[in-house]
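To start, the structure under review is shown below, and the notes come after it.
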Amino acid sequence: MCKKLMIAVLAVVVVVAGVSGTRLGSRLVSSWKQKFARWEKKQITPEMELAHLRQKVEGLKSEEERLNNEIAEANLELQRREKELVAKKEPFLAADERLKALVPAVEKAKADSKLQVSYKGSESYSVKQAEEQIKVDWAFVRSVKPVIKSQEEYVAELSASINHKREKRNELEKTRHEMGKQLLVLQKKLAEVREKQRLEGTVNGTRHAAVSEEINRLTQQIDNLSTGTTGRAKGPIEAAEEQKKSKDASDRLLHETYGGTPVKN
Numbered sequence: 329m330c331k332k333l334m335i336a337v338l339a340v341v342v343v344v345a346g347v348s349g350t351r352l353g354s355r356l357v358s359s360w361k362q363k364f365a366r367w368e369k370k371q372i373t374p375e376m377e378l379a380h381l382r383q384k385v386e387g388l389k390s391e392e393e394r395l396n397n398e399i400a401e402a403n404l405e406l407q408r409r410e411k412e413l414v415a416k417k418e419p420f421l422a423a424d425e426r427l428k429a430l431v432p433a434v435e436k437a438k439a440d441s442k443l444q445v446s447y448k449g450s451e452s453y454s455v456k457q458a459e460e461q462i463k464v465d466w467a468f469v470r471s472v473k474p475v476i477k478s479q480e481e482y483v484a485e486l487s488a489s490i491n492h493k494r495e496k497r498n499e500l501e502k503t504r505h506e507m508g509k510q511l512l513v514l515q516k517k518l519a520e521v522r523e524k525q526r527l528e529g530t531v532n533g534t535r536h537a538a539v540s541e542e543i544n545r546l547t548q549q550i551d552n553l554s555t556g557t558t559g560r561a562k563g564p565i566e567a568a569e570e571q572k573k574s575k576d577a578s579d580r581l582l583h584e585t586y587g588g589t590p591v592k593n
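If you're matching positions, the sequence shown starts at 329 in my numbering and goes up one per residue.
Set out below in structure tokens:
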């Protein structure tokens, strides 16, 4: 059987190959492909389609895993950048704090014609030392401040990107779970339909149906007996005679009960 089928398929392939170069051949090939597609679609059962959709839903995890990997890599980068930012801001903040204290202190010392500057309440430095420190700190602050600002912006953008990817990953995961629930509902519904078909097939396709038919025939026979019929077809004369007998019997019963003379036909 398989050998014959293979021969038939080979014959079709040879014919298609022979005519595919012509306009008629192209139409034949197109028509054959459409018919084959329709036939193939009919062979796909709901169970097969469910299994196929389960695989596709399961395959959606790859997109979530890709986002998870990107989030993990971005988190490592964020941690590294934050450490660098903290290390760079520490001396910047110290210099900024000194400037906030020394600049007004030097101006006050000069206004009071003093040669010493009070720093942090208990420490005292000369005005010259204070001015040198101000010069060093101000040059450092001016050079580092734009770098720190740029790094802060980068860290903020990186953090926002990570949050966006998390939201997208969570939304994809939620959607995938919802589709999984829908497939479970369809699977349950299909199982109920198949069970109903199985039970109907059990009644209609086994001896139950035959026995049920015999019971129906016996019921019909008993009904015929109860009505005095045998199921035999009657001619018009026989039917008229039986009708006359029934009417005569009814007339006799009437007059026997109430008197009078029965009417003779």
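The beta-carbon is built from N, C-alpha and C at its ideal position, and this holds for glycine as well.
The structure presented is a predicted model; accordingly, all values stated were derived computationally and were not measured.
Tell me the rounded alpha-carbon separation between residue i and residue j.
i           : j           : result
residue 498 : residue 411 : 28 Å
residue 571 : residue 542 : 33 Å
residue 481 : residue 420 : 17 Å
residue 460 : residue 403 : 42 Å
residue 573 : residue 565 : 12 Å
residue 493 : residue 469 : 35 Å
residue 528 : residue 538 : 14 Å
residue 407 : residue 485 : 13 Å
residue 383 : residue 376 : 11 Å
residue 397 : residue 405 : 12 Å
residue 523 : residue 504 : 29 Å
residue 395 : residue 472 : 35 Å
residue 448 : residue 487 : 38 Å
residue 385 : residue 526 : 29 Å
residue 479 : residue 401 : 18 Å
residue 540 : residue 549 : 14 Å
residue 443 : residue 462 : 16 Å
residue 414 : residue 435 : 32 Å
residue 506 : residue 516 : 16 Å
residue 569 : residue 580 : 17 Å
residue 495 : residue 502 : 10 Å
May I ask which residues mark the beginning and end of the beta strand (DSSP E) holding residue i?
i           : result
residue 390 : That residue, residue 390, is in no beta strand (DSSP E); its alpha helix (DSSP H) goes 389-439.
Determine the burial state of residue i: buried for a count of at least 16 other Cβ atoms within 10 Å of its Cβ, exposed for fewer.
i           : result
residue 458 : buried
residue 426 : buried
residue 440 : exposed
residue 430 : buried
residue 433 : buried
residue 521 : exposed
residue 423 : buried
residue 445 : buried
residue 465 : buried
residue 330 : Because residue 330 carries a pLDDT of 44, less than 50, the predicted location of this residue cannot be relied on, and the following value inherits that uncertainty. By the 10 Å Cβ count, residue 330 comes out exposed.
State yes or no: is the C-beta of residue i nearer than 7 Å to some heavy atom of the ligand GDP?
i           : result
residue 483 : Absent from the structure shown: the ligand GDP. Ligands present: none.
Could you give the C-beta distance for residue i and residue j, rounded to a whole number, given that I count them as a contact under 8 Å?
i           : j           : result
residue 392 : residue 500 : 5 Å
residue 455 : residue 438 : 7 Å
residue 381 : residue 512 : Actually they do not touch by this definition, with Cβ atoms about 11 Å apart.
residue 483 : residue 409 : 5 Å
residue 490 : residue 372 : Actually they are not in contact, since the Cβ atoms of residue 490 and residue 372 sit about 43 Å apart, beyond 8 Å.
residue 378 : residue 514 : 6 Å
residue 374 : residue 546 : Not really, about 41 Å apart at Cβ, beyond 8 Å.
**Request:** List in chain order: all unbroken alpha helix (DSSP H) runs of 4+ residues lying wholly within the segment 485-555.
**Result:** 535-554
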